[in-house]
Amino acid sequence: MVQAMNPPPPSAAVAEPQQKVSRQFSTAIGPSSDETSPTVPAKDEAPAPTAVGPALTVTLLLTSGARHPFKLDNKYFAKRNVEVPENDPFNLSVYKLKELILREWREEWETKPSSPTSIRLISMGKLLDDKASLKDYKFSVDAPNVLHMTIKPQDYVEEDDAKGGKSTYSAHREGEGRSPGCRCIIM
């Protein structure tokens, strides 16, 4: 009875010979990569030539907690026909980065915004200004830079457009009503 519960080990003739498996490490996810499968070569392979010039690695952190890396370098810009002064990703404007993010928007992210101005990028607690270049912020060349990404609610974007750029303070003083935004109350 004990023999019926434990099947016999496979014979040597039935067992298949094991083949050497080559494992590769992937550093990029989805369309932000330059190739379909960017890899680091195995120990016995010669390293592939790398892109010439500076590179900036940005990791988008969504409100859902998901992370999506982007490697901004000459190869990335050439593939997407993006002109960057001196081919330096640090010379890229924040608005242009938002355009690139919008171009490669994924279905699993939030609802796709209507324009790059609807995307908010936050680094180290600071909201990045669309007109500033990435070199104005202290991004690391060596390590991935985490950018929190949020989307402005559509009704907030429409109200901003309708006001014609009036500040919240002046709109409140003129009696036009309250606009959405943050306020501090000291009790």
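Numbering follows the UniProt record's numbering, in which position 134 of the sequence shown is assigned residue number 134; successive positions increment by one, without gaps. We treat Cβ as the ideally placed atom computed from N, Cα and C, and that holds for glycine.
Could you pull out every residue in the same chain whose Cβ sits closer than 8 angstroms to the Cβ of residue 103, ignoring the five residues on either side in sequence?
Locating residue 103 in the sequence shown gives position 103, where the first residue counts as 1. So the list reads 80, once near-sequence residues are dropped.
If you draw a straight line from the alpha carbon of residue 86 to that of residue 186, how long is it in whole angstroms?
If you number the sequence shown from 1, residue 86 lands on position 86. If you number the sequence shown from 1, residue 186 lands on position 186. Each residue's Cα considered, the two are about 49 angstroms apart.
Only counting the same chain, and skipping five residues up and downstream in sequence, which positions put a Cβ closer than 7 angstroms to that of residue 55?
On the sequence shown, residue 55 is found 55 positions in, with the first residue counted as 1. The beta carbon of residue 55 sits closer than 7 angstroms to those of 71, 72, 73 and 89, all from its chain and outside the five residues before and after it, given in chain order.
Can you tell me the Cα-Cα spacing of residue 142 and residue 113, whole angstroms?
Here residue 142 refers to the residue found at position 142 of the sequence shown. Here residue 113 refers to the residue found at position 113 of the sequence shown. Going by the C-alpha atoms only, they are around 31 angstroms apart.
Considering only C-alpha positions, which residue in the set 138, 153 and 133 is nearest to residue 146?
Taking the sequence shown and counting its residues from 1, the one referred to as residue 146 is at position 146. Comparing Cα-Cα distances from residue 146 to each of 138, 153 and 133, the minimum goes to 138.
Quick one: what does DSSP say residue 32 is sitting in, helix, strand or coil?
Sequence index remark: in the sequence shown, residue 32 carries index 32 (1-based). Low per-residue confidence applies at residue 32: pLDDT is 47, beneath 50, and the placement is therefore not dependable enough to give any value.
Check whether residue 110 and residue 151 have beta carbons under 8 angstroms apart
By 1-based counting over the sequence shown, the position of residue 110 is 110. By 1-based counting over the sequence shown, the position of residue 151 is 151. Cβ atoms of residue 110 and residue 151: closer than 8 angstroms.
Whole-number beta carbon distance between residue 149 and residue 121, since they are thought to touch under 8 angstroms:
Position 121 of the sequence shown, counted from the first residue, corresponds to residue 121. Position 149 of the sequence shown, counted from the first residue, corresponds to residue 149. About 6 angstroms; that satisfies the 8 angstroms criterion.
I'd like the span of the alpha helix (DSSP H) that includes residue 60, first residue to last.
Position 60 of the sequence shown, counting from 1, holds the residue named residue 60. From DSSP, residue 60 is part of no alpha helix (DSSP H) but of the beta strand (DSSP E) over 56-62.
Helix, strand or coil at residue 81 [DSSP, three-state]
Position 81 of the sequence shown holds residue 81. Residue 81: coil per DSSP, three-state reduction.
Just to confirm the assignment, what range does the alpha helix (DSSP H) spanning residue 96 have?
Position 96 of the sequence shown, counted from the first residue, corresponds to residue 96. Residue 96 -> alpha helix (DSSP H) spans 94-103.
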